[in-house]
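What follows is one structure encoded as structure tokens, with my remarks underneath.
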Amino acid sequence: MFSVFRKTKELEGKIDEFLNVILEAALEFKQGMKYYLEGDFDEFEKRSEHVDQLEGRADRLRREIENKLYMEMLLPEARGDVLALLENSDDVLNIVADTIVEFSVEKPEFPPEINSHFMGLVDVSLEAVEEMVATVRAYFKDLTAVRDHVTKIMFFEKESDKIGERIKRFLFDKSDIDLSRKIHIRTFVTYLQTIADKAEDVGDRVSIYTIKRLM
Amino acid sequence: MTCFYLTSGLFLGWSLGANDAANVFGTAVGTKMVRFKLAAMVASIFVILGAVISGAGAAHTLGKLGSVNALGGSFTVALAASLTVSWMTKLGLPVSTTQAIVGAIVGWDFFSGALVDTDALTKIVSTWGISPLLTAFFSFLLFKLTRWSLRAIKMHILEMDLNTRLALILIGAFGAYSLGANNIANVMGVFVTANPFPDVNILGILTLTGKQLLFLIGGIAIAVGIYSYSYRVMKTVGSDLFKLSPIAALIVVFSESIVLFIFASQKLEHFLIRMNLPTIPLVPVSSSQAVVGGVIGIAFAKGGGRAINFKVLTRIFWGWIVTPLTAGVISFFALFFMQNVFQQKVYEPISYVVSEAVYEKLGDMDIRDPGLGVLKGKVFRNGRRFKKALKSLTKLSSGKINEVIEIAEIDSLKIDSIVASEKLNPHWFTYAQLKALKSLHGRVFAHKWQLVDALAELSEEWRFRENTRKNRPYNQELKKKYEKLFEVFRISRMREKHNELHELMGL
């Protein structure tokens, strides 16, 4: 009997840990981008490597949680939803990790005027991810808080769209930069916007799943 | 032969287990929150416990409606009920064992000429309407309460899952217990008066009365129904009929169990009496209809009264009329065939007479009417004819007429002190009671009240107390003891030998 309670606690711990890993990766990404824009590439590479490790850890945790949910026939009603949530959150982390690897490989060069705007874009996009983590946590533990977090994700996603657009307009108005470089930079702006977009998708899912769970 | 007669009751029990266990564990198993094996085990154990420990209350009310007093009759009545249930299930009509058995018993009443106890009938029929309403009320309240507290507690989804499973099993156990306690009356109630089983003692620790043994066998039949067939029904209930979240299902089952329990519990009745509160009749109710009430309660709590399918409600309402009628008609004709084609005895005729002693007794009770003098000495072979005669010849009120019928009923009781020592439990009967009884050794009584009077004269402990609310449990207990005496000392063959009886009564 007690082992059932212990196992439940263990699994709860694993889910928390999984979400912590996503959060940590998001913060690490932000920090790495700061170093990148400052030109401190050594420090940037360290952060990039760490994000990669975190991504691997999150994958392992997710598989473990999913296996347990199925093997022990837990949450028969909400199992599908929980699974979808875990996988979609993990997808967001994958995009974060892929993006930082792209920076490390392609090393896009930003004109100095854009730097602060780009950092602003990084901030709002990753804040959307942080809120996404809070939303998923609320789905597991406190359904009443879900709505507030989803509203915040939506705000950050819109913000990232706005900042992204501004950067692109500024970029393509400039005549002293090659078109190839412009397109190269635009790709990275789009990467960051995608992060916020995907975080918003997770938020939307949680909203629906919450209605299902509110008896 | 006895075993054969029981088969129709066992079949009824089997179909009850197959169908109604789903009302307790349906959603739990259908949504895979609880495994069928575990659900079936818990349901079986608690159905049997409920039947044996608390089954007597509702069975008593059913017995009052018609005390089917020959095994052949019990067999036929239960068979008529089970045929009705299977036939209507096949037609896809909502059916409840309770309604079928009540119809079948009334059919027997008509066939045997016994009197229909209108009080008991009204009590039973009104409960059919009240039980879904009451379940709706409980589920409404419990739903609001649960929703409020769950939002306040903020439980993790996994803990909630675990707690819901545990609660589904615990409340399922309570539900199965209540189902056994309340519905065993449907399965075995008609066999109580003609019960073939003696009391048994198990290893000197536990004594099961004949009635409890009967209920145990009925409970086992229900358990067999649960194991053999209920899985299919549970899958349907859990996935098709009403889609409920496990927690909502839990509330429905809990409300339904409370209702089944309060309509079955004698302990609760005694408690209400002690608290000076109005009591609840102990009546078998339909668990399926209680469940429908519970779901409606939840719909209202969610603010979705519009979502209620009124077609379902109308069908249930028609079920209340069609089921008992069908069962009554089948029962009547089946009894006719049993008696005339298969030459089986389906009832013990009960005769009535206004003898000198009866006339005097009625005078003592202040029941006087010139018509009674005209009836003096005439023997009536069945209750309905006697009642008709009383109605046409006397000017007594219907309450008084019922009293006359009770006093005039011919019985044949012979007190035997050896039988008393063998069959009466000395822990239940007091020393003074047994002593008074044994001193009547050899005496024969033609009416129940004569034995009651004789015993009351000998010992204070055989006297009924003043009819106040406080004394009601005491009087009920004493009445049960008297009923046991009538059962133990009745010489059934004597009833047929009218001549001997007539001599005995000085006719």
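Protein chains in written order, with the numbering used here: chain S, 28 to 242; chain V, 8 to 514.
Cβ coordinates follow ideal geometry from the N, Cα and C atoms, glycine included.
In DSSP terms, what residue i is bridged to
i	result
V/V209	For clarity, residue 209 of chain V is Ile in the given sequence; the question names Val instead. Answer is V/L213, bridged to V/I209.
V/V360	V/V386
V/E421	Note on residue identity: the sequence assigns Lys, not Glu, to residue 421 of chain V. Answer is V/V451.
V/E416	V/Y359
V/R497	V/L420
Between the CA atoms of residue j and residue i - distance to the nearest angstrom
i	j	result
V/D247	S/K239	Reliability fails at V/D247, whose pLDDT of 49 lies under 50, so the model's placement of it is uncertain and no value is given.
V/N409	V/I498	25 Å
V/F11	V/A50	27 Å
V/F452	V/L441	17 Å
V/G335	V/V260	31 Å
V/E490	V/M195	18 Å
V/N26	V/K71	27 Å
S/S187	S/D43	27 Å
V/K421	V/S81	25 Å
V/A255	V/G179	14 Å
V/L173	V/L492	46 Å
V/H67	V/V109	13 Å
V/E468	V/L19	41 Å
V/I280	V/Q346	44 Å
V/K486	V/K455	12 Å
S/R208	S/E136	8 Å
V/P203	V/K352	15 Å
V/L251	V/T34	8 Å
V/K242	V/S22	16 Å
S/K73	S/G59	8 Å
S/S75	S/E158	22 Å
S/K134	S/I194	18 Å
V/L148	V/S262	9 Å
S/S30	V/G62	37 Å
V/L221	S/N115	60 Å
V/N208	V/V426	17 Å
V/L56	S/M181	57 Å
S/L198	S/H144	11 Å
V/S15	V/R239	23 Å
S/L46	S/E154	14 Å
Contact with chain V by residue i, beta-carbon distance below 7 Å
i	result
S/F167	yes
S/T35	yes
S/L25	Outside the displayed span of chain S (28 to 242) sits residue 25 of chain S, for which this structure offers no information.
CB contact below 7 Å: residue i versus chain S
i	result
V/T142	no
Cβ separation of residue i and residue j, assumed to be a contact under 8 Å, to the nearest whole Å
i	j	result
S/A85	S/D117	6 Å
V/P291	V/N190	6 Å
V/A201	V/V75	6 Å
V/Q296	V/I323	6 Å
S/V119	S/A226	6 Å
S/L81	S/V48	5 Å
S/L54	S/R89	Rounded, the Cβ-Cβ distance is 19 Å, inconsistent with contact.
V/F270	V/T134	6 Å
S/Y63	S/F71	4 Å
S/I190	S/G230	That belief does not hold up - the Cβ atoms of S/I190 and S/G230 are roughly 19 Å apart, past 8 Å.
V/A28	V/S237	4 Å
V/I258	V/F150	5 Å
Residues of the segment 161 to 194 of chain V with Cβ closer than 7 Å to any Cβ of chain S, in chain order
Answer set for the segment 161 to 194 of chain V: K161, H163, I164, L165, E166, D168, L169.
Going along the chain, which residues of the segment 90 to 104 of chain S sit with their C-beta nearer than 7 Å to a C-beta in chain V?
The segment 90 to 104 of chain S vs chain V, Cβ under 7 Å: M100, L101, L102, P103, E104.
Compile a chain-ordered list of the residues in the segment 126 to 147 of chain S whose CB is closer than 7 Å to at least one CB of chain V.
Here the close residues number zero.
Counting only Cβ-Cβ distances shorter than 8 Å, please list the residues of the segment 20 to 39 of chain V near chain S, keeping chain order.
Those residues of the segment 20 to 39 of chain V placed with their C-beta closer than 8 Å to a C-beta in chain S are T38, K39, ordered along the chain.
Members of the segment 130 to 158 of chain V that neighbour chain S once the beta carbon cut-off is set at 7 Å:
Taking 7 Å as the Cβ-Cβ cut-off against chain S, the residues of the segment 130 to 158 of chain V that qualify are R154, R158.
Between the segment 248 to 264 of chain V and chain S, which residues of the former have CB atoms less than 7 Å from a CB of the latter, in chain order?
The residues in question are S252, P253, I254, A255.
Members of the segment 169 to 182 of chain S that neighbour chain V once the beta carbon cut-off is set at 8 Å
Those would be D169, L170, T171, in chain order.
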